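So the sequence shown is numbered by the working numbering: it starts at 91 and just counts up by one.
Structure, as structure tokens:
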Amino acid sequence: MKIKQILTGVELVIADVEVELNGTLRSTPTLCAIMRDDNGKELAVPLNTPDGRPIFMNIENAIVSTEPIGSEKKNEH
């Protein structure tokens, strides 16, 4: 295994992602990479499946937010 390239401008976050599975709406904490597309729009790219299995980063899986990512009320613990 070797590192081909280090991506810059990518932030890792845990997002509460909502998804429909078998007709049921569910939400789950999901590891995501936050990045910008060529037009400057923020994208959240999930890095694991709803059941927690890791997946390769694929820009085709990106979730485009209608609001700037991070503008939601932050969960403070």
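Backbone N, C-alpha and C fix where the C-beta goes; we use that ideal spot for every residue, glycine too.
Here the structure is a predicted model, which means the values were calculated and not measured.
What is the DSSP secondary structure of N112, reduced to helix, strand or coil? In this structure, N112 counts as coil in the three-state DSSP scheme.
Roughly how many whole angstroms lie between the Cα atoms of E132 and I124? E132 and I124: Cα-Cα distance of roughly 7 Å.
Just the C-alpha distance for L97 and P136, rounded to the nearest angstrom, thanks. Looking at the two C-alpha atoms, the distance is approximately 16 Å.
Do you know offhand how far G130's Cα is from D106's? Going from the Cα of G130 to the Cα of D106 covers about 23 Å.
Assuming I153 contacts A134 under a Cβ cut-off of 8 Å, what Cβ separation, rounded to an integer in Å, is found between them? Cβ-Cβ separation between I153 and A134: approximately 5 Å, consistent with a contact (criterion under 8 Å).
By DSSP's criteria, T118 is part of a beta bridge. Which residues make up the other side? Answer is V107, bridged to T118.
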